[in-house]
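Reading through the structure tokens given below for one structure.
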Amino acid sequence: MPTGKVLVLEDCYYVPKFVSKVISISMLDKRGLYIVFNNNICLIYHSDDLYANSYLQRDIYICLM
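Residue 438 is where the sequence shown starts when you use my numbering, and the numbers rise one by one after that.
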């Protein structure tokens, strides 16, 4: 992550041949993270710590890693 933090995703779906990686917002929510969408930016937090940020490109949020 660009913030230097590590986010471990457990019990998540994985498609090895998929061109890009997909993160389920509902699974992050169930694990206590919260997501803010504003002005084509998506921010992913746990407590008050920023874990990831993404930007909107062609109707898909691209995570900066």
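No residue lacks a Cβ here, since even glycine has one placed at the ideal position from N, Cα and C.
Backbone secondary structure at residue i - three-state DSSP
i    : result
D466 : helix
I460 : coil
N476 : coil
L446 : coil
D486 : strand
L493 : strand
Burial state of residue i, where buried means 16 or more other Cβ atoms lie within 10 Å
i    : result
I497 : exposed
S491 : buried
L446 : exposed
L465 : buried
Cβ distance (whole Å) where residue i is taken to contact residue j below 8 Å
i    : j    : result
K442 : Y482 : Not confirmed; about 10 Å, so no contact.
N477 : L501 : Their Cβ separation, rounded to whole angstroms, is 13 Å, which puts N477 and L501 out of contact at 8 Å.
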